[in-house]
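Counting in our numbering, the sequence shown runs from 3 upward without gaps.
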Amino acid sequence: MFDRRLFDLPKIKGTLFILMILTGIQALAIVAQSIFLAAVIVDLWSRHAFATVLPSLAGFALAFMLRQLLVVFKNTLMSHFAGKAVENFRVQLLEKYAAMGAPLITKYGTGHAVTSLVAGLDNTKNYFQLLLIKMFDLSIIPWIVLIAITYFNWIQGLFLLLIFPVIIIFFIILGLAAQKKADDEYANFKNLNNRFVDGLRGLPTLKQLGLANAYGREIYTISEDYRKTTMRTLRIAITSTFALDFFTTLSIAVLAVFLGLDLLNGKTILFPALSILVLAPEYFLPLRNFADDYHATLDGKNALTDVMAVLNRPEPTDTKLLNLDTWRSDSQLTLKDLDFYYEDEDQPTLADISFQVAGYQRVAIVGESGSGKSTLLNLLAGFLMPNDDEVIAVNQEILPHLDQEDWQKQYFYMPQSPYLFHDTLRNNLVFYTPGVDDDVLKEAIQQAGLKDLVDSLPDGLDTVVGEGGRQLSGGQSQRVALARMLLDPSRRVLLFDEPTAHLDIETELDLKKSMAPVFDQHLVFFATHRLHWLNQMDYVLVLRHGHLVEQGKPAELLAKPDSQLNSLRSELQQGLIHE
Ligand SMILES: Nc1ncnc2c1ncn2[C@@H]1O[C@H](COP(=O)(O)OP(=O)(O)O)[C@@H](O)[C@H]1O
Ligand SMILES: [Mg+2]
C-alpha cells in the first residue's frame, strides 16, 4: 500500500520526521480533547457548579484548537513539500523530453506527454500530499488513542484492537478491485488525450475526407468509455467507503452497548465509559480518512508510475565519442551488419544493413512503405540506437550509435512536414542561424523559391506563420526548410524522409528544381518511393522488409533488367505494393 518510490523524493526524510512529530502531538491533543470533553459532561451531569467545570472546558478548547491547528500545519508542510517535489519532476520531465526528443514523443504520444506534464503531475502532487499525511495519521493516531482506551478499560481496548485488522482486510480487498478499475480509467484517459490531440492535428485531413463527424463520434465513444470507467471506479470507491463507515459505526455501537451494560451493572463509572465512547470514533477516523482519499489518490499513483517510466528511460551516455569538425569530401560513414529491433518486437525492423558512403554522395533510400526507410534515417540521425555495438563507424572511428554531439552538428533533417513555429516567417527561416545577414537571407529565399510567397504576403517576412498564424502549403513549408538548409552551409549532411510524399506531382517537380542544387557539396540521404528522384542520386539502397537487398549506382541497376530496383519499380507502377 505504501509506495516505496516516495522515499526517493528529495528531502523526504526530514519532512517525514517533522510530520511524525506533528502527528504525534496531534494524537495527544485528540486524547486530551476527548478526556476533557468527557470530564466536562460528567461534571455537568453531576450538577457541579459551572465554575468547577471551567478548567476542563478550557482544556478541551485548547486541545481542540491545537488539534485543528496541527491539521493546518501538516497540510501546509506537505503541500509545500509535494509542490516542490512535483516542480522538480516537471523540470526533470521537460529536460528529459528535450534531451531525448523525437523517440520519446513517438513512443508515448504528444497527448500523453501533455497529460503527464500537466494533469498527471497535479495528480501526483495530490498523491504525495494526501497519502503521506493519511499514512502517518493512520500509523500513529489510532495507537495512541488505543493506549488511552486500554488504560481506561483493557477489554474494550482489546476488542477495538481485534476489530481493526478485519476492517483493514475488507478495505484491502475493495482497494485491489478499485486499483484495477483506476488503471483502466487512467489508460482510457491517456488514450483519450492522444486521440484528441491527433484529432485536432488531423482535422483538416478529416474534413477533406468527410470523416470529421465519424472521428467526432469516435472521440465521443472514447470519452463515454472514460466516463464509464470513472463511474465504475467511483462506484467501488463509494461502496468501500460505505462499507467501512458501516463497520466502524457498528463496532462503536457494539462498544457503546457493552459500556452501557457495564454502567448498569455498576462495573464501571461514567467518566471512563464516556471517555472511551468519545475516543472510539477517533480510533477509526484515520482509517476512514485514509480509505476516502485512497481512491482519490490512485490517479496520482498511476501518474507517478508514468512519470517515472519516462524519467527512468536510459539516456544515451557516450554522446561525445565522435570527433568531427565538418563532414568533408573524404569523410566516410560505414554501417556494418546493423540490426534494429523496436521495443517489444521480436522481428527485426532492420537486419544486416551494411554499406559505406563517402564524401558528398547523394544516396537514395528506396523501398515500399514499411520497408524501414524512416527507421534507417532515424538511426542515421541518432534518434534510434542500433542493437549491437560496433556497427557504425565515421572516418574509421567505431561508434555505438550516432547520437553524437559532433554528428548532430553536421546534419539537417527534413521530415515529411517540416515544423513551423508560431513566429514570424523570418524567425522561422533563420531558426538555425539567428542574426544572419539580410542579403544572405534574401539570396536563400530566392534559391528556395520562396520569393513569390514573401512578396505576396502583406507583412512580408514579418507575417506570423505556424499554428494559429498564416498557414503555408506543404510545398511552401518544404521550401522554408530548404531555405533553413541554405542559410547554414556548415551543415554538410542532409537527411530527407520522403519530403515530397504528400505533395502533388506538379508541386513536387517544382520543388525538385529548387532542391536538387542544394544537394551539391553535401552528403545526402533521401528516402523516397518516387523513383524519379534517382536521376538526382548517385547511389541507391534498396530496402525490402528491412533487408538491404541491393545497393549501387542507380543507372547501373536500372540497366539490369533483373535488378531488385527494377522489380521494385514495376511493382510500384502496377500498384502491387503500397507507396
Ligand atoms: N515506433 C515503432 N514501433 C514499432 N514498430 C515500428 C515503429 N515505427 C515503425 N515501425 C515498424 O517498422 C517497420 C518499418 O517502418 P518505417 O521505417 O516507418 O518504414 P518506411 O519509412 O519505409 O515506411 C514497419 O513495419 C513499421 O510498422
Ligand atoms: Mg517512412
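Cβ atoms here follow ideal geometry from the backbone N, Cα and C, with glycine treated the same way. Every value quoted in this text rests on a predicted model; they were computed, and no experiment measured them.
Cβ-heavy atom distance, residue i to ligand 2, below 7 Å
{"i": "S376", "result": "yes"}
{"i": "G499", "result": "At residue 499 the sequence reads Asp, which differs from the Gly that was named. Yes, ligand 2 has a heavy atom inside 7 Å of this Cβ."}
Any non-hydrogen atom of ligand 1 closer than 7 Å to residue i Cβ
{"i": "T351", "result": "yes"}
{"i": "G369", "result": "yes"}
{"i": "Y344", "result": "yes"}
{"i": "G384", "result": "no"}
{"i": "E573", "result": "no"}
{"i": "S373", "result": "yes"}
{"i": "E347", "result": "yes"}
Alpha carbon of residue i to alpha carbon of residue j, nearest angstrom
{"i": "P501", "j": "R364", "result": "15 Å"}
{"i": "N430", "j": "Q410", "result": "20 Å"}
{"i": "L119", "j": "R92", "result": "6 Å"}
{"i": "S81", "j": "L287", "result": "22 Å"}
{"i": "L281", "j": "F130", "result": "29 Å"}
{"i": "M137", "j": "F357", "result": "60 Å"}
{"i": "D10", "j": "R69", "result": "30 Å"}
{"i": "A40", "j": "L276", "result": "6 Å"}
{"i": "I142", "j": "S48", "result": "34 Å"}
{"i": "A121", "j": "L463", "result": "38 Å"}
{"i": "V438", "j": "L236", "result": "59 Å"}
{"i": "Q334", "j": "T328", "result": "12 Å"}
{"i": "G113", "j": "K76", "result": "35 Å"}
{"i": "L79", "j": "A311", "result": "28 Å"}
{"i": "G548", "j": "I447", "result": "38 Å"}
{"i": "G302", "j": "L18", "result": "19 Å"}
{"i": "L324", "j": "D332", "result": "16 Å"}
{"i": "I27", "j": "L404", "result": "59 Å"}
{"i": "D440", "j": "M416", "result": "24 Å"}
{"i": "L401", "j": "T321", "result": "10 Å"}
{"i": "I157", "j": "I149", "result": "12 Å"}
{"i": "G85", "j": "N128", "result": "9 Å"}
{"i": "L123", "j": "A450", "result": "44 Å"}
{"i": "L543", "j": "K453", "result": "35 Å"}
{"i": "T54", "j": "I37", "result": "16 Å"}
{"i": "M487", "j": "P556", "result": "26 Å"}
{"i": "L140", "j": "A51", "result": "39 Å"}
{"i": "L513", "j": "L352", "result": "30 Å"}
{"i": "L164", "j": "V73", "result": "28 Å"}
{"i": "K519", "j": "L455", "result": "Note that residue 519 is Pro in the sequence shown, not Lys. Answer to the nearest angstrom: the Cα atoms are 20 Å apart."}
{"i": "V359", "j": "T336", "result": "7 Å"}
{"i": "L95", "j": "N195", "result": "18 Å"}
contact_flag[the stretch 91-100, the stretch 46-64] where n(CB pairs < 8 Å) is 3 or more: no
field: Contiguous beta strand (DSSP E) assignments of at least 3 residues, all confined to the stretch 389-413
entry: 394-396, 399-401
message: Which complete beta strand (DSSP E) runs does the stretch 445-519 hold, if anything under 3 residues is left out?
response: 495-499
Inter-stretch contact at 8 Å, needing at least 3 Cβ pairs: the stretch 290-301 / the stretch 362-377: no
message: Give the list of continuous alpha helix (DSSP H) stretches no shorter than 4 residues that lie fully inside the stretch 253-318.
response: 272-313
- request: Jot down the residue ranges of each uninterrupted alpha helix (DSSP H) in the stretch 84-128, minimum 4 residues, whole runs only, in chain order.
  value: 104-110, 112-117
- request: Would you be able to state if there are at least three C-beta pairs under 8 Å between the stretch 248-256 and the stretch 208-220?
  value: no
contact_flag[the stretch 487-502, the stretch 517-533] where n(CB pairs < 8 Å) is 3 or more: yes
field: the stretch 309-321 contacting the stretch 188-205, beta-carbon criterion three pairs below 8 Å
entry: no
message: When you compare the stretch 478-491 with the stretch 420-430, are there three or more beta-carbon pairs, one atom per stretch, that lie closer than 8 Å?
response: yes
- prompt: Just checking, does the stretch 560-570 make contact with the stretch 379-391 on the three C-beta pairs under 8 Å criterion?
  reply: no
task: Spell out a yes or no on whether the stretch 221-241 and the stretch 182-195 are touching, meaning 3 or more CB-CB pairs, one atom from each, closer than 8 Å.
output: yes
Any beta strand (DSSP E) of 3 or more consecutive residues that is wholly inside the stretch 537-573: 541-546, 549-554
message: Please give the ranges of any alpha helix (DSSP H) in the stretch 353-383, keeping only runs that are unbroken, at least 4 residues long and fully inside the region.
response: 375-383
query: Unbroken alpha helix (DSSP H) runs of length 4 or more, entirely within the stretch 126-160: which are they?
result: none
message: In chain order, what are the residue ranges of uninterrupted alpha helix (DSSP H) at least 4 long that sit wholly in the stretch 165-231?
response: 205-210
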